[in-house]
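Numbering (UniProt numbering), first residue to last: 1 to 531.
The block underneath contains the structure these notes are about, expressed in structure tokens.
The structure is reproduced here in structure tokens:
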């Protein structure tokens, strides 16, 4: 950017003396960025803050500075901190004299300042606006944090810090303020209670920048000691730390939390660090006090050989692959991975078929005969029309002639081998209608036998013993009882097997019900108790 574009164009780039000083800090906001400028920047040793437009990728129309300095440029006064409200309408700028001003981003008009003459006695080290434009938080080099009302500009609260702050960062969604100090320590302040809730120490150099994770659980800091550390706010512990060969001067995290971007000393590149906790198992246990971080070499932009890259991808794929077991533990009741449509409506198939049955088209009435037949006798009487009997069932009872299905054959084999995995997998692959057909075919009237029915009940018992596919065992057994209840009541062998299954079901359900009741009791207590 240039201070005066017309003069810069006349002189040319090589002889340009109107170039803006280096940018020390800037703030941006995406709200209304298509309507007006959405970026404000502070320059080194310069009192004027410039606006920039992201969509046009150009310098903005306004130069923000106090009215009394509009004609002459002061020597020792410069902007040190800046922030933009969440609505994108206002910019808050702090100066080295302790003054804090508010400007309108659309028009560039000065909208007031905080305090009678100035907000702080020392230089402004940081300003922040909350998410609802209710409070403005300012930090001064004299060691004070002040809370101001945004509209009325009245002082609400002031707290004294243990050391002069070097910078602040506000996470608007959670209302948490991160404060970096000159003694290389970090504190976290809750803007609702206005108290320090966490304090971290461990850096051995000036803290350059801070960044919150999108959910507000992590605070990531970079220091001149070439370390990047991740602090877990709920536990108050250090969970990650690594060394880089050049100190990181700026940090930010992506809105989805999958990448961390960093800029380093004497380096024009921006480096992206991947968040491994999103795609692999990473231990988030607190690091010990004597933990020595390892040096992580930053990747260069040099081309890498294709052979090495292919090898790395293969090893990464091998590490990521994970096959989940069908059952985590033998004592755990495990459900199947089948959708509910495959087992939930097995008992309601007849109702569904009736609802889905198409209506019969209207029948054409039979034409009357030309000569109406009469009953022979002295008194003439007409013969009554014969009524057609359509109530006869069209289902053919094949009996012994019925062809055996694969499921039936597997159940017969399981009587001798006692292995029911094959018939169970076959049944799981079928739809609800096919399952009903298979279970109907187990009865003697459908071409089955009592031995195969007994084998099916033993398969259900095996599922209950191993405690996997628990909901399938319930659904299959309920449909089986619905179809063959009369046969079961007349056969003592089948009746004995059903009673054994009933005992198993009752024991398993009582165990589950006890666990459910314990969990519900704890949840009810946590919701209603005064903790």
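For glycine and all other residues, C-beta sits at the position ideal for the given N, C-alpha and C.
Check, Outcome
"Inter-stretch contact at 8 Å, needing at least 3 Cβ pairs: the segment 115–127 / the segment 80–96", "yes"
"Assigned secondary structure, residue 406 (DSSP; H/G/I helix, E/B strand, else coil)", "helix"
"Contact the segment 476–494 vs the segment 510–526: 3+ CB pairs below 8 Å", "no"
"Span of the alpha helix (DSSP H) around residue 421", "421–428"
"contact_flag[the segment 288–300, the segment 421–437] where n(CB pairs < 8 Å) is 3 or more", "no"
"Meets three-Cβ-pair contact criterion under 8 Å: the segment 95–109 and the segment 20–37", "yes"
"Residue 463 classed as buried or exposed, judged by whether at least 16 other C-beta atoms fall within 10 angstroms", "buried"
"Nearest neighbour of residue 457, chosen from 412, 446, 27 and 437 [CA to CA]", "412"
"Where residue 104 falls: helix, strand or coil (DSSP)", "strand"
"Residue 455, DSSP secondary structure in three states", "helix"
"For residue 340 and residue 352, the rounded distance between their alpha carbons", "15 Å"
"Coil, strand or helix - residue 87 by DSSP", "coil"
"Where residue 50 sits in the DSSP three-state scheme", "strand"
"4-residue-minimum alpha helix (DSSP H) runs that sit fully inside the segment 179–251, ordered along the chain", "none"
"Bridge partners - residue 374, DSSP secondary structure assignment", "382"
"8 Å Cβ cutoff met for residue 100 and residue 138", "yes"
"C-beta contact flag for residue 238 and residue 188 at 8 Å", "no"
"Residue(s) in a DSSP beta bridge with residue 112", "102"
"Terminal residues of the alpha helix (DSSP H) in which residue 520 lies", "492–528"
"DSSP state of residue 150 mapped onto helix, strand, coil", "coil"
"Three-state class that DSSP yields for residue 271 in the structure shown", "strand"
"Sequence-distant residues of the same chain with beta carbon closer than 7 Å to residue 511, five excluded per side", "none"
"Segment contact flag, the segment 206–219 with the segment 177–187, C-beta cutoff 8 Å, min 3 pairs", "yes"
"Spatial neighbours of residue 381 in its chain, beta-carbon cut-off 7 Å, leaving aside the 5 residues before and after", "374 and 375"
"Close-in-space but distant-in-sequence residues of the same chain around residue 134 (CB under 8 Å, 5 per side omitted)", "149 and 150"
"Contact belief for residue 441 with residue 408 at Cβ below 8 Å, rounded distance in angstroms", "6 Å"
"Alpha-carbon to alpha-carbon, residue 508 and residue 492", "25 Å"
"Opening and closing residue of the beta strand (DSSP E) in which residue 282 lies", "No beta strand (DSSP E) holds residue 282; DSSP gives it neither H nor E."
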